[in-house]
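Asker:
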Amino acid sequence: MIILNLTSAAEQISALLKTYPGLKIEKSDLNEVRLLGNIHIYRTALDFTLDNYYDIEIRIPIDSSSLPIAIDIGNAIEPSYPHRYVNGELCLETDTAVKLRFIDGFNLLKWMDEYVEPYYFTYEYFMRFGFFPFGERPHGLEGIINTYQEIFNEVDIGKTLRLMMYSAYESYRGHINCPCGCNKRLRICHGKYIFPLMTNSDIKELIQKDVESIRKAITENASRNNC
Amino acid sequence: MIGIFERQADILKLISLLDISPTLYKNANDKYQALAKFLEECDIEADMYPHGSFALGTVVRPSAKDPDAAYDLDFICQLRQTRDQISPSELRKKIEDALKSSDRYSGKLTIYEECFTIEYADINGIKFTIDIVPAADETSQKKQDLIEKSDRPDLLYTAIAIPKHNGNRNYSWLTNNPRGFHQWFEEINKPFLSFNREYRRREILNSNRMVFESVDDIPEGLERSSMQRVIQILKFHRDMFYQNLRRADSDDLKPISAIINTLVAAISASANPQSNVFELLAYVLDELNIYAQHQTLLTEDFTRRYGSRSIIRRSSNDRIWVIPNPADPEDNLADKWNKNPEIPKLFFTWVAVCSKDLINSLSLPDSQFRSTMDNAFGKTTMQKYWGEKYRTAIPTAKPIVTKPKPYRI
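Taken in order, these protein sequences are the chains called A and B.
Each position in the first sequence, counted from 1, maps to that position plus 981 in our numbering.
Each position in the second sequence, counted from 1, maps to that position plus 17 in our numbering.
(1) Please determine if the segment 1110-1129 of chain A and the segment 1162-1169 of chain A are in contact, where contact requires at least 3 C-beta pairs separated by less than 8 Å.
(2) At the 8 Å Cβ level, is Asp-391 (chain B) part of the contact set with chain A, yes or no?
(3) Give me the residue from B:Arg-321, B:Glu-57, B:Leu-41 with the minimum Cα distance to Val-228 (chain B).
(4) Indicate whether at least one CB of chain A lies closer than 8 Å to the CB of Leu-262 (chain B).
(5) Are the beta-carbon atoms belonging to Leu-210 (chain B) and Ser-242 (chain B) less than 8 Å from one another?
(6) Phe-1107 (chain A) lies in the alpha helix (DSSP H); which residues open and close that run?
(7) Could you name the residues of chain A that Ala-414 (chain B) contacts, counting a contact when the two beta carbons are closer than 7 Å?
(8) DSSP on Glu-317 (chain B), reduced to helix/strand/coil?
(9) May I have the straight-line CA-CA distance separating Trp-354 (chain B) from Phe-365 (chain B), to the nearest angstrom?
(10) Hey, is Tyr-424 (chain B)'s beta-carbon within less than 8 Å of any beta-carbon in chain A?
(11) Whose Cβ in chain A lies nearer than 8 Å to the Cβ of Gln-385 (chain B)?
(12) Along the chain, where does the alpha helix (DSSP H) containing Asp-1076 (chain A) start, and where does it finish?
(13) Tell me whether Gly-1018 (chain A) sits in a helix, a strand or coil according to DSSP, three-state version.
(14) Against chain B, with Cβ distances strictly below 8 Å, would Arg-1168 (chain A) count as a contact?
(15) Can you tell me whether Met-982 (chain A) is buried or exposed? The criterion is at least 16 other CB atoms within 10 Å of its CB, across all chains shown.
(16) Which of the three DSSP states, helix, strand or coil, is assigned to Tyr-428 (chain B)?
(17) Just the chain B side, please: which residues come within less than 7 Å of Gly-1086 (chain A) by C-beta, in chain order?
(18) Given a cut-off of 8 Å on the beta-carbon distance, is the pair Lys-1080 (chain A) and Leu-987 (chain A) in contact?
(19) Just to confirm, are Ala-152 (chain B) and Ile-135 (chain B) a CB contact at a threshold of 8 Å?
(20) Over the uninterrupted beta strand (DSSP E) stretch that includes Phe-145 (chain B), give me the two end residues.
(21) So, for Asn-193 (chain B): in the same chain, excluding its five sequence neighbours on each side, which residues have a beta-carbon less than 6 Å away from its beta-carbon?
(22) Could you give the first and the last residue of the continuous alpha helix (DSSP H) run that contains Ala-115 (chain B)?
(23) For Tyr-129 (chain B), count neighbouring C-beta atoms within 10 Å of its own C-beta (all shown protein chains included) and say buried if the count is 16 or more, exposed if not.
(24) Can you give the beta carbon distance from Gly-1099 (chain A) to Ile-417 (chain B), rounded, assuming they're within the 8 Å contact cut?
(25) Just mark Lys-422 (chain B) as buried or exposed, buried being the case when its beta carbon has 16 or more other beta carbons within 10 Å.
(26) Am I right that Ile-1138 (chain A) and Ile-1126 (chain A) are in contact with their C-beta atoms under 8 Å? What's the rounded C-beta distance?
(27) Given that Thr-320 (chain B) touches chain A, what residues does it touch there, using C-beta distances under 8 Å?
(28) Please report how far the alpha carbon of Tyr-1102 (chain A) lies from the alpha carbon of Asn-349 (chain B), in whole angstroms.
(29) Considering just the uninterrupted stretch of the beta strand (DSSP E) at Arg-226 (chain B), what are its terminal residues?
(30) So, is the C-beta of Glu-1007 (chain A) closer than 8 Å to a C-beta in chain B?
(31) Could you check if Gly-184 (chain B) is buried or exposed, using at least 16 other CB atoms within 10 Å of its CB as the buried criterion?
(32) Counting only beta-carbon separations shorter than 8 Å, does Arg-1118 (chain A) have a partner in chain B?
(33) Just checking, does the segment 1168-1181 of chain A make contact with the segment 1064-1080 of chain A on the three C-beta pairs under 8 Å criterion?
(34) Between the beta-carbon of Ala-414 (chain B) and the beta-carbon of Arg-1024 (chain A), is there less than 8 Å?
(35) Quick check on Lys-207 (chain B) - is its C-beta less than 8 Å from some C-beta in chain A?
(36) Taking 8 Å as the CB-CB cut-off, is Lys-48 (chain B) touching chain A?
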């Protein structure tokens, strides 16, 4: 899937620059646009308001399946914070969660509104109170599985993996038994959660990639244990 | 940008509005004296006197979230008997029976395990309660034991014993010394109170022309030094901060007022008494931030780096936290810190947040300063007392609706 094509890129970046006047185009070519500058974040939740300015770089891949990334160039995020990469990139969410939003018609402004700004809010809240206001994903594959647990509204990891497999490689049939193994028809069990995923080829492709990553990790882990 | 001095003045004005008003002060005094008289009429020979924030002049509205919350004013009702002349249960019963027998008090009375509470009707929309803690004089032997252990023996002649609930309406005696603490606190506060006193008394008069005709009418108990204001600011900030932790056990985690009173007074003892409130606040917070190093440094390394600072101590062998009660050598105010390590961790997190909110924010642009104050003292309170001041033309902060969870590969 293509996150942002050339045609929509110009329009979305222009809207972004209008909303965040402190941002400027640093570099632009057919593959990527880089924005650099200062953004004002003024957001509130849970009786806490964030009203602050941050130096940021935003890299927007064009005609690519990669997601835009945000980099904390002002070093506002403490290196010890667990959700910042060494190069300053912000760990906003799992790719799966963000890509699902882009497939659903997301744009760069909404990406800033729903991920980048709340990321800084979460950081400042965590530094103040010592806990994540909206929770955090586990690291690695567990975080990806956790994303699907939310999508499928399912707490059991085994059931979640079976639902992922079904969604990735099968066609939706509501009358069959639900892949979760509960002996109910799919349509009255997890059907309402997986139907929208299975009818979109981009999402199917996304789930397939996640299933392959998990499979690969399990295989590697098994061979390590056999050594 | 509105200047730092105006900002400081606005915070002080806010705190003074959260303080007890002259009318309420007079009313509370009248009420507790009437109570003392009533108990005497019931043949209870006792002295009734304020303790806690009412005695120390550090009252602040108790609920950070509710600007209309009632003030809790604490009083000791001390029998003119020593604890070996009466049992703790008998003492409680004596006072309970007297209060229950009264048409005036029985309807307003709530009986708690540690005290009796009389709730007074709203006066000008402000509610208050009088909490009565029954007490007896401590025995001479116990006082002598304490004197031998203390480096301030002169404070210990006022030690008392109060009933401590052990479950199933079973009570034992617990030593306490509110008058000794008060004396220690007043000694440190005295030079702070003396500085600029006439100016401050005139300010009280100017704000309360309807209550006082001249400065001579202002009771000393309404004066507030820099040190008392620092305590009030920290107490109010503490209430908001710990409430925002959104935990059912936040009341158990937050530092009790006795810890704040002790730390602020003990640190202020080495400060310049001519400091204004914010200079003293910065000094106190800087010191507390130094004590935070006790979390990571070995005691020897702490001493090597920071000298003989000993207001908060940590023993070198078992890493026990100690905050000595200056008026009771057997009382470690940090007892709970040693049972739950989250308590000191949160305490020092809170101290760092105080520095950020109350000192660093003073040089931020107006809008950011106002947002910080909203975080520090609560939006409802700030809106009530400051209205739209410091808000710029920017619309209000946008709520976060989606709740993304940060993730790392």
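The C-beta atom is built at its ideal place from N, Cα and C for all residues, glycine as well.
As the structure is a prediction and not an experimental result, all values here were calculated from the model.
Answerer: Short version:
(1) no
(2) Residue 391 (chain B) sits at position 374 when you count from the first residue of the second sequence. Taking Cβ atoms only, chain A reaches closer than 8 Å to Asp-391 (chain B), which makes this a yes.
(3) For the purposes of this step, residue 228 (chain B) is identified with residue 211 of the second sequence, where counting begins at 1. Closest by alpha carbon: B:Leu-41.
(4) Stepping through the second sequence from its first residue, residue 262 (chain B) is reached at position 245. Yes, its Cβ sits closer than 8 Å to a Cβ of chain A.
(5) Residue mapping note: residue 210 (chain B) aligns to position 193 of the second sequence, counting from 1. Residue mapping note: residue 242 (chain B) aligns to position 225 of the second sequence, counting from 1. The answer is yes: Cβ separation under 8 Å.
(6) Here residue 1107 (chain A) refers to the residue found at position 126 of the first sequence. Per DSSP, Phe-1107 (chain A) belongs to the alpha helix (DSSP H) from 1098-1110.
(7) Residue mapping note: residue 414 (chain B) aligns to position 397 of the second sequence, counting from 1. Per Cβ cutoff of 7 Å: Tyr-1023, Arg-1024, Thr-1025, Thr-1030, Asp-1032.
(8) Your numbering for residue 317 (chain B) matches position 300 in the second sequence. Glu-317 (chain B) falls in the helix class under three-state DSSP.
(9) Within the second sequence, residue 354 (chain B) is the residue found at index 337, counting from 1. Within the second sequence, residue 365 (chain B) is the residue found at index 348, counting from 1. Roughly 12 Å between the two C-alpha positions.
(10) For the purposes of this step, residue 424 (chain B) is taken as the residue at position 407 of the second sequence. So, interface residue.
(11) Along the second sequence, read from residue 1 onward, the residue named residue 385 (chain B) stands at position 368. Listed along the chain, the chain A residues whose CB falls inside 8 Å of the CB of Gln-385 (chain B) are Asp-1032, Asn-1033.
(12) Locating residue 1076 (chain A) in the first sequence gives position 95, counting from the first residue. Looking at the DSSP string, the run of the alpha helix (DSSP H) that includes Asp-1076 (chain A) is 1076-1084.
(13) Position 37 of the first sequence, counted from the first residue, corresponds to residue 1018 (chain A). Looking at Gly-1018 (chain A) - three-state DSSP - the assignment turns out to be strand.
(14) Translated into the one-based positions of the first sequence, residue 1168 (chain A) becomes position 187. It does not; no Cβ of chain B falls within 8 Å.
(15) Residue 982 (chain A) sits at position 1 when you count from the first residue of the first sequence. So Met-982 (chain A) counts as exposed.
(16) Within the shown structure, residues of chain B are numbered from 18 to 426, placing residue 428 (chain B) beyond reach of any answer.
(17) Mapped onto the first sequence, residue 1086 (chain A) falls at position 105. Neighbourhood of Gly-1086 (chain A) in chain B, by CB distance below 7 Å: empty, with the nearest CB roughly 15 Å away.
(18) For the purposes of this step, residue 1080 (chain A) is taken as residue 99 along the first sequence, with counting starting at 1. For the purposes of this step, residue 987 (chain A) is taken as residue 6 along the first sequence, with counting starting at 1. Contact flag unset, no.
(19) Taking the first residue of the second sequence as 1, we reach residue 152 (chain B) at position 135. Taking the first residue of the second sequence as 1, we reach residue 135 (chain B) at position 118. Taking 8 Å as the Cβ cut-off, Ala-152 (chain B) and Ile-135 (chain B) do not qualify as a contacting pair.
(20) For the purposes of this step, residue 145 (chain B) is taken as the residue at position 128 of the second sequence. Phe-145 (chain B) -> beta strand (DSSP E) spans 143-154.
(21) In the second sequence, residue 193 (chain B) corresponds to position 176, counting from 1. These residues qualify, in order along the chain: Ile-177, Ile-179.
(22) Position 98 of the second sequence, counted from the start, is the residue given in the question as residue 115 (chain B). Segment 105-117, the alpha helix (DSSP H) holding Ala-115 (chain B).
(23) Locating residue 129 (chain B) in the second sequence gives position 112, where the first residue counts as 1. Tyr-129 (chain B) comes out exposed.
(24) Translated into positions along the first sequence, residue 1099 (chain A) becomes position 118. Translated into positions along the second sequence, residue 417 (chain B) becomes position 400. Note on identity: in this sequence residue 1099 (chain A) is Pro, with Gly being the wrong assignment. With 8 Å as the limit, Pro-1099 (chain A) and Ile-417 (chain B) qualify as a contact, their Cβ atoms being about 5 Å apart.
(25) The residue you call residue 422 (chain B) lines up with position 405 of the second sequence. With 16 or more Cβ atoms within 10 Å of its Cβ, Lys-422 (chain B) is classed as buried.
(26) Numbered from its first residue, the first sequence carries residue 1138 (chain A) at position 157. Numbered from its first residue, the first sequence carries residue 1126 (chain A) at position 145. Sure, about 6 Å apart at Cβ, within 8 Å.
(27) Working through the second sequence from its first residue, we reach residue 320 (chain B) at position 303. Simply none; closest approach about 27 Å.
(28) Working through the first sequence from its first residue, we reach residue 1102 (chain A) at position 121. Working through the second sequence from its first residue, we reach residue 349 (chain B) at position 332. Note that residue 1102 (chain A) corresponds to Phe in the displayed sequence, not to Tyr. Looking at the two C-alpha atoms, the distance is approximately 38 Å.
(29) In the second sequence, residue 226 (chain B) corresponds to position 209, counting from 1. Segment: none, Arg-226 (chain B) is in no beta strand (DSSP E) and carries neither H nor E.
(30) Position 26 of the first sequence, counting from 1, holds the residue named residue 1007 (chain A). Not one chain B Cβ lies under 8 Å of Glu-1007 (chain A).
(31) On the second sequence, position 167 is the one that residue 184 (chain B) refers to. Exposed: under 16 other Cβ atoms inside 10 Å.
(32) What you label residue 1118 (chain A) is simply residue 137 of the first sequence in a count that begins at 1. For Arg-1118 (chain A), the answer is yes, since a Cβ of chain B falls inside 8 Å of its Cβ.
(33) Not touching, per the Cβ criterion.
(34) Stepping through the second sequence from its first residue, residue 414 (chain B) is reached at position 397. Stepping through the first sequence from its first residue, residue 1024 (chain A) is reached at position 43. One thing to note: Ala-414 (chain B) has its Cβ within 8 Å of the Cβ of Arg-1024 (chain A).
(35) As a working note, residue 207 (chain B) is residue 190 in the second sequence. Closer than 8 Å: no.
(36) Locating residue 48 (chain B) in the second sequence gives position 31, counting from the first residue. Taking a beta-carbon distance threshold of 8 Å, Lys-48 (chain B) does not count as an interface residue toward chain A.
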